[in-house]
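Under our numbering, the first residue of the sequence shown carries the number 28, and numbering increases by one thereafter. Quick reminder that beta carbons are idealized off the backbone N, C-alpha and C, glycines included. Okay, so here's the structure we're looking at.
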Amino acid sequence: MNTHSTKAQLFASLTAYLQDLQESGLDGIPADLATLKETDTAQQPAAIPKQSIESKMTEELNTPEIHETLEQIRKSLGPCQRCKLGATRKNLVFGVGNPKARLVFVGEGPGADEDAQGEPFVGDAGKMLNRIIAAMELKREDVYICNVVKCRPPQNRPPESDEVSTCSPFLLRQLQSVKPEVIVALGTSAAQALLQTKIPISKMRGKFHDFHGMPLMPTYHPSYLLRTGGNSDSFWSVWDDMTQVLQYLKLPVPNKSRNK
Ligand code: SF4
């Protein structure tokens, strides 16, 4: 990608994000922002606040006055084409579940089944996630489930950094809206995107991390468990992680026997 297209893409993403902030009532956005054009690079320094995108997201997440409903956030996404994943998706997969959930599961992005149905975690990995949720003696409708990116990456490749940076402000707004007590990041991409790190999931899982003041537990992705088997070490590692989540939420921990 050349420098010009990178700058143009970054500017388009930032402009879209700031417009969304503006729509949601955040003060301090230049009134003429909507009139800026991608090619109008001379105006960029004056129009873009000095804070980085991440610090702006942090500010938004920690601002108690702003409360958007999930419906408002979905509406502000519209028929989103803010990144290149919009061009190839069938359905934008926003999220599903309890808007006041105490527990939110965040995956990497939609797969083929999710893209077809417009709902996260409905394929084989979704069945495994349902199994995990049921083992916790919770119901799928008790929790909220969403992804870092809302459109399917072609051939189920991991989302690229520009796609994550463009889409993740909407995830942050969803989390701000739900205000869960615990977030579970499912798999490497989700955990690395949320925690802004390159540490492998095997080194991150098993302990809580701070995500904008919310405890976040990284664990293996359900599709990894499908590959390693339902009674594998990784399966029981996930159960150990979910045990910590249940304890944090002060919920009963069901007794599970390990058939080795
Ligand atoms: S992945 Fe996110 S930012 Fe990209 S087109 Fe889909 S909704 Fe928009």
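Same chain, Cβ closer than 6 angstroms to residue i, five either side skipped, listed in chain order
| i | result |
| --- | --- |
| isoleucine 299 | The chain is shown from 28 up to 287; residue 299 falls before or after that span and cannot be answered. |
| cysteine 110 | Glu190 and Thr193 |
| glycine 214 | Glu135 and His248 |
| alanine 152 | Pro249 and Ser250 |
Under the three-state DSSP convention, the category residue i falls into
| i | result |
| --- | --- |
| leucine 199 | helix |
| glycine 113 | helix |
| cysteine 194 | helix |
| glycine 138 | coil |
| leucine 19 | In this structure the chain extends from 28 to 287, so residue 19 is not present and cannot be described. |
| glycine 122 | coil |
| glutamate 146 | coil |
| asparagine 289 | Any property of residue 289 remains undetermined from this structure, which presents the chain solely from 28 to 287. |
| glutamate 98 | helix |
| lysine 277 | coil |
| arginine 158 | helix |
| methionine 163 | coil |
Cβ-based neighbour list, residue i, same chain, cut-off 8 angstroms, excluding 5 preceding and 5 following
| i | result |
| --- | --- |
| serine 261 | Tyr247, Tyr251, Leu252 and Thr255 |
| valine 280 | Thr270, Leu273 and Gln274 |
Residues of its chain near residue i, where Cβ-Cβ distance is below 7 angstroms and the 5 sequence neighbours each way are ignored
| i | result |
| --- | --- |
| asparagine 174 | Val120, Val133, Gly134, Glu135, Gly136, Pro137 and Pro147 |
| proline 186 | Glu135, Gly136, Val175, Val176, Pro180 and Ser216 |
| isoleucine 21 | Nothing about residue 21 can be reported from this structure: the residues present for the chain run from 28 to 287 only. |
Bridge-paired residues (DSSP) for residue i
| i | result |
| --- | --- |
| cysteine 178 | Answer by DSSP bridge pairing: none, since cysteine 178 is not bridged. |
| cysteine 107 | According to DSSP, which records beta bridges pairwise, cysteine 107 is partnered with nothing at all. |
| isoleucine 172 | Val123 and Phe132 |
Residue i CB to nearest heavy atom of the ligand HEM below 8 angstroms
| i | result |
| --- | --- |
| leucine 119 | Absence of the ligand HEM is noted for the structure shown, with the ligand SF4 being the only ligands found. |
Starting from the N-terminal side, write out each stretch of the beta strand (DSSP E) that is 3 residues or longer and does not extend beyond the region 207–252.
If we require 3 residues or more, the beta strand (DSSP E) runs fully inside the region 207–252 come out as 209–213, 236–238 and 241–246.
Using 8 angstroms as the cut-off, can you tell me whether the region 271–278 makes contact with the region 203–219, which would need three or more C-beta pairs spanning the two stretches below that distance?
Here the region 271–278 makes contact with the region 203–219; the two share three or more CB pairs at distances below 8 angstroms.
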